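Below you'll find the structure, written out as structure tokens, and then a few comments.
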Amino acid sequence: MHTKTIAQLTKGLRAGDYSSVELTQSYLERIQQHKSLNSFISVTGEQAIATAKQADALLAKGNAPLLAGIPIAHKDIFCTRGVKTSCGSKMLDNFIAPYNATVVEKLNAAGTVTLGKLNMDEFAMGSSNETSFYGSVQNPWATNTVPGGSSGGSAAAVAARLIPGATGTDTGGSIRQPAALCGITGLKPTYGRVSRYGMIAYASSLDQGGPMTQTAEDAALMLQTMAGFDPKDSTSVECEVPDYSAELNNSLAGLKIGLPKEFFDDALNSEMAATIETAINAYIKMGAEIIEVSMPNLKLAIPAYYVIAPAECSANLSRMDGVRFGHRCTNPADLNDLYIRSRGEGFGTEVKRRILVGTYALSEGYYDAYYIKAQKIRRLISDDFNTALKQVDVIMGPVSPTSAFGLGEKTSDPIEMYLADIYTIAINLAGLPAMSIPAGFIDKKPVGLQIIGNYFAEAKLLNVAHQYQQVTDWHQQTPNGFE
Ligand code: GLN
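With numbering that gives the first Met the number 0, you'll find the sequence shown wraps up at 482, consecutive numbering, no jumps.
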């Protein structure tokens, strides 16, 4: 059962091939069996079985919602009522969320069965899952390598077939890069498409939740439920949610694919370039046309992001003060001591680094020089994409400069780690939707192809991804030992 996609499982459940309880039990066993991957922070087995029973009852009546009985798990950044929501941090190790994130609420209403909460970089800051208070996650394709981050637990668990689908969040690449490194499909929707309510904020103007699945067809099913206007999120966009599965089978004849020359310069290693070229050739065979585009400001994306994201995180994380939330030091001498020690003990090194950088960038005298400048660059980057997307339907390129790197390989050099997101960060700055789909292997480790679309063009992205998955089988391959 565990190799099946969500689309297949919805049919199997309705045909009575298995019940949701059986499905849930079988995935829970796999999670137990592959505990060493460390992809889960919490497993909510009892609750899952109870939900699965309810789903089975609805399925028996014949009026069950679309995803009834489908086991999934949430990145531990989404608040789940009554269940620990740690955000990968010691700071929230004792935080039991009193309410559900909108995304969780919607997936619950669609009948999904939550098996637990997935490991992640602390407060979603990282590209390797190594900043997690709960330890690093192993990439099932090579257990001495990272799964990517920050949604590393989500990607590893889907790749190892411990769950058929998971939620993730993407502020600078955190859905796409781990999806690429683990050989699964990940979709970062347009900013404002999926509610951020109850999704613990890292950099609010960039954060966006999305699905992580085996296939584009499954991503369409999950996004269908996750997307939509939410009055509880002030940046949620009030526009209609289309039927994401309706266009999957559209022909790609005449599709205009833009290749930014800045993505394919000398900095891209030759094996990665060759893998991406092979994928592009498959699209040419399907009738697509290739157009070179230029985005001169792309090289400024990482420096601009590492001013804007820390600035926003320094404000967002100020609420973690040991009073209202989270970790509190023992025997504080006074209020100041309480703040200083609680935050000092609760946050890890990378989070502290970003709070310091962000506070500095926002301080009087530096605000104009750093923060305002970065915002201006952000606009230039958006303009680059808007110009390119007037000429083409989608833009393609790599997701990550390399396949999965070794555990510990980049932890001593933060800049080196930041560069892992060189191809993904600009998309968040522009607020565009983008996907990563499995497109081959380098040294037996998965590689992703990135597909970037226009605002709210998720259905187009899913169509473009799905068609590729009809002519390739990269997305069906499972890592050794997890078949
Ligand atoms: N790796 C990037 C960072 O560390 C992006 C993380 C994310 O998308 N949440 O900020």
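By construction, the Cβ of each residue, glycine as well, lies at the ideal position given by its N, Cα and C atoms.
On a predicted model such as this, the values are computed, not experimentally measured, just so you know.
Opening and closing residue of the beta strand (DSSP E) in which residue i lies
{"i": "I307", "result": "Here I307 belongs to no beta strand (DSSP E); instead the alpha helix (DSSP H) covers 300-315."}
{"i": "I450", "result": "444-451"}
{"i": "L186", "result": "184-187"}
{"i": "S19", "result": "Unbroken run through S19 is the alpha helix (DSSP H), 19-32; no beta strand (DSSP E)."}
{"i": "P413", "result": "Segment 413-417 is the alpha helix (DSSP H) holding P413; no beta strand (DSSP E) there."}
{"i": "T212", "result": "208-212"}
{"i": "S435", "result": "433-441"}
Beta carbon of residue i nearer than 8 Å to that of residue j
{"i": "T184", "j": "M434", "result": "yes"}
{"i": "I71", "j": "T111", "result": "yes"}
{"i": "T50", "j": "V102", "result": "no"}
{"i": "E457", "j": "Y243", "result": "yes"}
{"i": "L251", "j": "A278", "result": "no"}
{"i": "T401", "j": "N268", "result": "yes"}
{"i": "F122", "j": "C312", "result": "yes"}
{"i": "Q469", "j": "M395", "result": "no"}
{"i": "G447", "j": "P432", "result": "no"}
{"i": "G182", "j": "I5", "result": "no"}
{"i": "A202", "j": "I307", "result": "yes"}
{"i": "L117", "j": "K60", "result": "no"}
{"i": "D412", "j": "K255", "result": "no"}
{"i": "R192", "j": "F455", "result": "yes"}
{"i": "G152", "j": "F77", "result": "no"}
{"i": "A219", "j": "L461", "result": "yes"}
{"i": "Y227", "j": "V240", "result": "For the sequence presented, residue 227 should be read as Gly rather than Tyr. Yes; because the gap between Cβ atoms is below 8 Å, this pair is in contact."}
{"i": "F94", "j": "G325", "result": "yes"}
{"i": "T113", "j": "A47", "result": "yes"}
{"i": "M221", "j": "T212", "result": "yes"}
{"i": "S341", "j": "R327", "result": "yes"}
{"i": "K231", "j": "S194", "result": "yes"}
Whole-number beta carbon distance between residue j and residue i, since they are thought to touch under 8 Å
{"i": "D206", "j": "T170", "result": "5 Å"}
{"i": "G172", "j": "D383", "result": "In fact, because the Cβ distance is near 18 Å, the residues do not count as touching under 8 Å."}
{"i": "Q466", "j": "M285", "result": "6 Å"}
Straight-line Cα distance separating residue j from residue i
{"i": "L66", "j": "R160", "result": "18 Å"}
{"i": "D55", "j": "D16", "result": "12 Å"}
{"i": "A215", "j": "Q31", "result": "27 Å"}
{"i": "S35", "j": "Q137", "result": "8 Å"}
{"i": "T142", "j": "A154", "result": "13 Å"}
{"i": "G115", "j": "A96", "result": "14 Å"}
{"i": "P344", "j": "E270", "result": "The identity of residue 344 in the sequence shown is Glu, whereas the question assumes Pro. Cα to Cα, the separation comes out at about 43 Å."}
{"i": "T168", "j": "A332", "result": "38 Å"}
{"i": "E28", "j": "G480", "result": "15 Å"}
{"i": "G321", "j": "V350", "result": "16 Å"}
{"i": "A200", "j": "Q176", "result": "19 Å"}
{"i": "I426", "j": "G11", "result": "37 Å"}
{"i": "M319", "j": "G87", "result": "14 Å"}
{"i": "P146", "j": "S135", "result": "9 Å"}
{"i": "F440", "j": "P478", "result": "12 Å"}
{"i": "K298", "j": "E482", "result": "40 Å"}
{"i": "Y305", "j": "V20", "result": "45 Å"}
{"i": "V463", "j": "Y98", "result": "36 Å"}
{"i": "D367", "j": "C238", "result": "34 Å"}
{"i": "Q7", "j": "D472", "result": "16 Å"}
{"i": "Y338", "j": "Y417", "result": "29 Å"}
{"i": "N248", "j": "T224", "result": "20 Å"}
{"i": "T348", "j": "T386", "result": "39 Å"}
{"i": "K389", "j": "K459", "result": "15 Å"}
{"i": "R13", "j": "L22", "result": "13 Å"}
{"i": "K89", "j": "E276", "result": "43 Å"}
Residue interval of the alpha helix (DSSP H) (run including residue i)
{"i": "A49", "result": "44-60"}
{"i": "K459", "result": "457-470"}
{"i": "M271", "result": "269-284"}
{"i": "T79", "result": "Counting along the chain, T79 falls outside any alpha helix (DSSP H), and DSSP gives it neither H nor E."}
{"i": "K524", "result": "This structure gives no information on residue 524, because the portion of the chain shown stretches from 0 to 482."}
{"i": "T177", "result": "Checking the sequence, you will find Pro at residue 177 rather than Thr. From DSSP, the alpha helix (DSSP H) with P177 extends over 175-181."}
{"i": "T348", "result": "348-361"}
{"i": "V157", "result": "151-158"}
{"i": "K10", "result": "5-14"}
Residues near residue i by beta carbon distance below 7 Å, same chain, minus five either side
{"i": "L57", "result": "A63, A67, G110"}
{"i": "S362", "result": "none"}
{"i": "E291", "result": "L258, K260"}
{"i": "A429", "result": "I380, S381, F384"}
{"i": "Y359", "result": "Y365"}
Check: residue i C-beta below 7 Å from any heavy atom of ligand 3
{"i": "S126", "result": "With respect to small molecules bound, the structure shown includes ligand 1 and not ligand 3."}
Same chain, Cβ closer than 8 Å to residue i, neighbours up to 5 away in sequence not counted
{"i": "I354", "result": "P309, C312, S313, L316, F346"}
Own chain residues within Cβ distance below 6 Å of residue i, not counting five before or after
{"i": "A179", "result": "V398, S399, S435, G447"}
{"i": "T144", "result": "N138, A403, G405"}
{"i": "A303", "result": "A373, I376, R377"}
{"i": "S18", "result": "D55"}
{"i": "S149", "result": "M119, D120, A123, G125, S173"}
{"i": "T410", "result": "E129"}
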